[in-house]
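Participant: Just so you know, the protein sequences line up as chains H and B, in that order. Heads up: the first sequence runs through residues 1 to 434, numbered per our numbering. Heads up: the second sequence runs through residues 1001 to 1434, numbered per our numbering.
2 protein chains.
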Amino acid sequence: MLRKDSLHPALSHSSLEVMNFLNEVTLRFPEAISFAPGRTYEGFYESGRLAAQLQGYVRYLEKQQGFTEAQVRTRLFQYGRTNGHIQELIVRMLEKDEGMLVDPQSVVVTVGCQEGMFITLRALCATPRDVLLVSSPCYIGIVGAARLLDIELIPVEEGPEGLDLEDLERKVRAARAEGKRPRALYVIPDFSNPSGNSFSLELRHRLLEAAAREDFLLLEDNPYGLFSRERERHPTLKALDKQKRVIYFGSFAKSGFPGARVGYTLADQPVIDDAGQQTLLADELSKVKSMVTVNTSPISQALVGGLLLENDCTLLAANQQAIRFYRENMETALRALERAFPRDAAWARGVSWNHPQGGFFLVVQLPFEVDDALLERSARRYGVLWTPMRYFYIEGGGERALRLSCSYLAPARIEEGIQRLARLIQDCLEERRP
Amino acid sequence: MLRKDSLHPALSHSSLEVMNFLNEVTLRFPEAISFAPGRTYEGFYESGRLAAQLQGYVRYLEKQQGFTEAQVRTRLFQYGRTNGHIQELIVRMLEKDEGMLVDPQSVVVTVGCQEGMFITLRALCATPRDVLLVSSPCYIGIVGAARLLDIELIPVEEGPEGLDLEDLERKVRAARAEGKRPRALYVIPDFSNPSGNSFSLELRHRLLEAAAREDFLLLEDNPYGLFSRERERHPTLKALDKQKRVIYFGSFAKSGFPGARVGYTLADQPVIDDAGQQTLLADELSKVKSMVTVNTSPISQALVGGLLLENDCTLLAANQQAIRFYRENMETALRALERAFPRDAAWARGVSWNHPQGGFFLVVQLPFEVDDALLERSARRYGVLWTPMRYFYIEGGGERALRLSCSYLAPARIEEGIQRLARLIQDCLEERRP
Chain H
1 MLRKDSLHPA
11 LSHSSLEVMN
21 FLNEVTLRFP
31 EAISFAPGRT
41 YEGFYESGRL
51 AAQLQGYVRY
61 LEKQQGFTEA
71 QVRTRLFQYG
81 RTNGHIQELI
91 VRMLEKDEGM
101 LVDPQSVVVT
111 VGCQEGMFIT
121 LRALCATPRD
131 VLLVSSPCYI
141 GIVGAARLLD
151 IELIPVEEGP
161 EGLDLEDLER
171 KVRAARAEGK
181 RPRALYVIPD
191 FSNPSGNSFS
201 LELRHRLLEA
211 AAREDFLLLE
221 DNPYGLFSRE
231 RERHPTLKAL
241 DKQKRVIYFG
251 SFAKSGFPGA
261 RVGYTLADQP
271 VIDDAGQQTL
281 LADELSKVKS
291 MVTVNTSPIS
301 QALVGGLLLE
311 NDCTLLAANQ
321 QAIRFYRENM
331 ETALRALERA
341 FPRDAAWARG
351 VSWNHPQGGF
361 FLVVQLPFEV
371 DDALLERSAR
381 RYGVLWTPMR
391 YFYIEGGGER
401 ALRLSCSYLA
411 PARIEEGIQR
421 LARLIQDCLE
431 ERRP
Chain B
1001 MLRKDSLHPA
1011 LSHSSLEVMN
1021 FLNEVTLRFP
1031 EAISFAPGRT
1041 YEGFYESGRL
1051 AAQLQGYVRY
1061 LEKQQGFTEA
1071 QVRTRLFQYG
1081 RTNGHIQELI
1091 VRMLEKDEGM
1101 LVDPQSVVVT
1111 VGCQEGMFIT
1121 LRALCATPRD
1131 VLLVSSPCYI
1141 GIVGAARLLD
1151 IELIPVEEGP
1161 EGLDLEDLER
1171 KVRAARAEGK
1181 RPRALYVIPD
1191 FSNPSGNSFS
1201 LELRHRLLEA
1211 AAREDFLLLE
1221 DNPYGLFSRE
1231 RERHPTLKAL
1241 DKQKRVIYFG
1251 SFAKSGFPGA
1261 RVGYTLADQP
1271 VIDDAGQQTL
1281 LADELSKVKS
1291 MVTVNTSPIS
1301 QALVGGLLLE
1311 NDCTLLAANQ
1321 QAIRFYRENM
1331 ETALRALERA
1341 FPRDAAWARG
1351 VSWNHPQGGF
1361 FLVVQLPFEV
1371 DDALLERSAR
1381 RYGVLWTPMR
1391 YFYIEGGGER
1401 ALRLSCSYLA
1411 PARIEEGIQR
1421 LARLIQDCLE
1431 ERRP
């Protein structure tokens, strides 16, 4: 019998339970309307497309790259290069969709974006002195990865306007004063998970300046960037990055499909050793990746490659329908909230929510505690699921807030779900009234 | 500019270079005959089979599991359960091929066997006191994974008869005396990489006893077990394990194909927490995996599932042609060595090699040092590649030995390659003669 306390301490930490919660709560209450996981809408997927995408990629290898049949076989079936084989296509996409000019050598194809974050943290954090700054509230994937690697996390406040730069400077200085080395700051500048907030263009510039001044890297995670409610999108931090301060995590989970488990990390930072030998950070990440997953399934890469090829390497164009769908879902949710919590009803006045410019998530503030017991009651008696925001804070916070994911439900379900949520909240408020 | 010495120390360690060496040396000398990487023979693969395997798995979901079209779509395209969805098929295979009766709940499907090793080490090793015993010489994948997790490695000698149990007991006691906790011992009991050696049935039993007596786990890695030269195969440690001492790593890279990047870890150990709550180690591994890769591509799993289904869940039967091929390659290599190093030639008497009972690898002992310079010369002037055995030792060893992989070359190339190797060795010996 193994004792749990003999296993790695992260396994007893709540952050590692949250991922499972998000995956499984929906299974526990299959009848409930679930605003819990940030899933994609599956209506966009067709099983029949997979063979066509694979075939499209094979045709590209044969016709444009001059591969023989045997070389195609090697590419698909054999171990491949650690950092992947669809970098050229990713680079074309980044130029078209994000205006980013990137050297394919600096791209590491990863098993989802998550592996990219994991291997980057491992490469960057060398000693217990190395700490990671994270926006707070924070995506659970980076928190869990850091905990597994025994990396200390320092939360930096993020409000409706994005990251609080004063808090950032304060935290960096305090960490330095304690002999720590703030190695990097993790942010989702576009339609963040969990908050739904975005950074203004000015904040992006000021953040890059702060990173240069205080000498840390920026880890920019951008899974939702395409899904803007407005026509105008902000440039990514990486697109504005003139000093190679930004490591960029890209995902095909939302713009392609999650089941491919393909993401990428853009790490163009030069690395120099004592002998003056220079490599790219992407080369160093390759060594880490080779010991975590060896490489990313070449077949999964071929499917993503086929998807890129059949869309002329622009996922922005390919996702027009999805962009519209997620935009309309967010607007449906916002309208439903307006109706369900009327400003002229006294009970509803303590309830507020943000108006994200895009993405999958919004946050509702309540005038009372939001905890697991409330969620259980909500699921069991009101038939509606959501995520307590407290799950996304490292050192307390979000106690009176919940996250709604509006990504994969049909509009009528969103409206019904928000009515259910409103009944729960009204009942809670009335019970509390003296 | 990042300084290399500011990155994780494992990145400056040679073990992480070896994986890249094995992948890339063949590209540097494309004309050479390469006995370096333990690759599979690609003649068994057909690109056209992929769509059929995927289709076979979908048919199984629809016909045998009663999935609707929408459920199939969810299964293939969406995030799935962290620990995978082909456990039932893997369990049927383990029963047919290995005589192992396994609960599907204790199986974690991983991104290759490598991820299984990585997440298992992470779960098991909680503090710097936790050390990992490894057979020496040792597979580079476990060494690299441990280094990335700052886990101390203790080598245990492995000779032609398999692991040295006396050295094992000595090392365990010495570690304990220093306040360390020997957490587990990593071994490849069947046709090991790099040595080609196997453990006798008696050694297997004694190893299980030692693990129980000294209270550590056994990590059994079994990628080559199907590829026996003899009709009779030994039971795996896991098949003999009555006390749940063994964590078993399975791979489809050799018995299926490497490009799926699908492996599995069998971790049926109960874990108990302070409150008396019981889980399986597989559940704990799930939490680690969710933060490393989220889950294994459901499409890759479907391909492996399809392969299992079309072979009635026995890979032993499905691999008969491959088993014959690898057996004949090994025998070709052994015969070629006999011919190239005749016992009646004085110069050849200092050269010896082992006679593995199966698998991909054999080891040649030489009467002089085998290093990178010799490899460079061998590649450049003699047109033959191999791997210095010193790469596989943690604390010195193997300085006068090299590894030959006989897995993916056609027989005529094996014969020619060994003749080239013999010319190199003869020339070296003659140069050294006074």
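We put the CB at the ideal spot given by N, CA and C, even for glycine.
#1: Would you please verify whether the beta carbon of Gly-1306/B is less than 7 Å from any beta carbon of chain H?
#2: State yes or no: is the C-beta of Ser-340/H within less than 7 Å of the C-beta of Ile-418/H?
#3: Using CA coordinates, which residue listed in Leu-1362/B, Ser-1290/B, Ile-1033/B is at the minimum distance from Leu-1402/B?
#4: Select from the segment 1075-1098 of chain B all residues with a C-beta closer than 9 Å to any C-beta belonging to chain H, and list them in chain order.
#5: Name the chain B residues whose beta carbon is nearer than 9 Å to that of Val-58/H?
#6: In angstroms, rounded to a whole number, what distance separates the CA positions of Leu-89/H and Gly-305/H?
#7: Taking 7 Å as the threshold (beta carbon to beta carbon), is Ala-1345/B in contact with chain H?
#8: With DSSP run on the structure shown, which of helix, strand or coil describes Ser-1015/B?
#9: With respect to the alpha helix (DSSP H) encompassing Gln-1114/B, which residues constitute its N-terminal and C-terminal limits?
#10: Residues of the segment 97-130 of chain H with a CB closer than 8 Å to any CB of chain D: list them in chain order, please.
#11: Assuming Thr-120/H contacts Ile-247/H (C-beta within less than 8 Å), just tell me the rounded distance between them.
#12: To the nearest angstrom, how far is it from the Cα of Arg-1075/B to the Cα of Glu-1031/B?
#13: Would you give the residue range spanned by the alpha helix (DSSP H) that Asp-427/H belongs to?
#14: Would you call the segment 335-349 of chain H and the segment 188-197 of chain H touching, i.e. three or more CB-CB distances under 8 Å?
#15: Any residues in the segment 1211-1225 of chain B with a beta carbon nearer than 9 Å to a beta carbon of chain H? Which ones, in chain order?
#16: Measuring straight from C-alpha to C-alpha, what distance separates Leu-101/H and Thr-296/H?
#17: For Tyr-1264/B, write down the residues that DSSP places opposite it in a beta bridge.
#18: Assuming Gly-1358/B contacts Phe-1227/B (C-beta within less than 8 Å), just tell me the rounded distance between them.
#19: In chain order, what residues of the segment 1011-1033 of chain B put their CB closer than 8 Å to some CB of chain H?
#20: Could you tell me which of Arg-122/H, Ile-142/H, Glu-46/H, Arg-206/H sits nearest to Ile-394/H, measuring between CA atoms?
#21: Looking at C-alpha atoms only, which residue of Phe-1216/B, Asn-1329/B, Ala-1373/B is the closest neighbour of Glu-1416/B?
#22: Going by the CB atoms, is the gap between Val-1107/B and Leu-1266/B shorter than 7 Å?
#23: At a cut of 8 Å, does the segment 213-221 of chain H reach the segment 311-331 of chain H through at least three beta carbon pairs?
#24: Please check the pair Leu-303/H and Leu-50/H, which I expect to be a contact at CB under 8 Å, by giving their CB distance rounded to whole angstroms.
#25: Starting from the beta carbon of Val-134/H, find every residue of chain B whose beta carbon is closer than 9 Å, and list them in chain order.
#26: For Ser-984/B, which option in Val-1288/B, Gln-1277/B, Cys-1313/B, Ser-1286/B has the closest C-alpha, if you only look at C-alpha atoms?
#27: In whole angstroms, give me the CA-to-CA distance for Asp-103/H and Asp-130/H.
#28: State the CB to CB distance for the pair Gly-1099/B and Gln-1301/B, rounded to an integer number of angstroms; the pair is presumed to be in contact (CB under 8 Å).
#29: Using beta carbons (cut-off 7 Å, strictly below), is Lys-63/H in contact with chain B?
#30: Is there a Cβ of chain H sitting closer than 7 Å to that of Arg-1176/B, yes or no?
#31: What is the residue span of the beta strand (DSSP E) that Tyr-186/H lies within?
#32: Scan the segment 283-302 of chain H for residues whose Cβ lies nearer than 8 Å to a Cβ of chain B and list them as they occur along the chain.
#33: Check whether the Cβ of Lys-1004/B lies closer than 7 Å to any Cβ atom in chain H.
#34: Just how far apart, CA to CA, sit Lys-171/H and Leu-1168/B?
#35: Taking CB distances under 7 Å as the criterion, tell me whether Gln-1269/B reaches chain H.
#36: So what's Ser-437/H in DSSP terms, helix, strand or just coil?
Facilitator: In terms of the structure at hand:
#1: no
#2: Contrary to the premise, residue 340/H reads as Ala rather than Ser in this sequence. Yes, the Cβ-Cβ distance between Ala-340/H and Ile-418/H is below 7 Å.
#3: Leu-1362/B
#4: Arg-1075, Leu-1076, Phe-1077, Gln-1078, Tyr-1079, Gly-1080, Arg-1081, Thr-1082
#5: Ser-1047
#6: 7 Å
#7: no
#8: helix
#9: 1112-1124
#10: Here the protein chains are H and B, and chain D is not one of them.
#11: 6 Å
#12: 44 Å
#13: 411-432
#14: no
#15: Leu-1217
#16: 24 Å
#17: Val-1109/B, Gly-1250/B
#18: 5 Å
#19: Leu-1011, Ser-1012, Leu-1016, Glu-1017, Met-1019, Asn-1020, Asn-1023
#20: Ile-142/H
#21: Asn-1329/B
#22: yes
#23: no
#24: 6 Å
#25: By Cβ distance, chain B contributes nothing, its closest Cβ being about 14 Å from Val-134/H, past 9 Å.
#26: Any property of residue 984/B remains undetermined from this structure, which presents chain B solely from 1001 to 1434.
#27: 28 Å
#28: At roughly 24 Å, the Cβ-Cβ gap does not stay under 8 Å, so Gly-1099/B and Gln-1301/B are not in contact.
#29: no
#30: no
#31: 181-187
#32: Glu-284, Ser-286, Lys-287, Val-288, Ser-290, Met-291, Val-292, Thr-293, Val-294, Asn-295, Thr-296, Ser-297, Pro-298, Ile-299, Ser-300
#33: yes
#34: 48 Å
#35: yes
#36: Because chain H spans 1 through 434 in this model, residue 437/H falls outside it and cannot be assessed.
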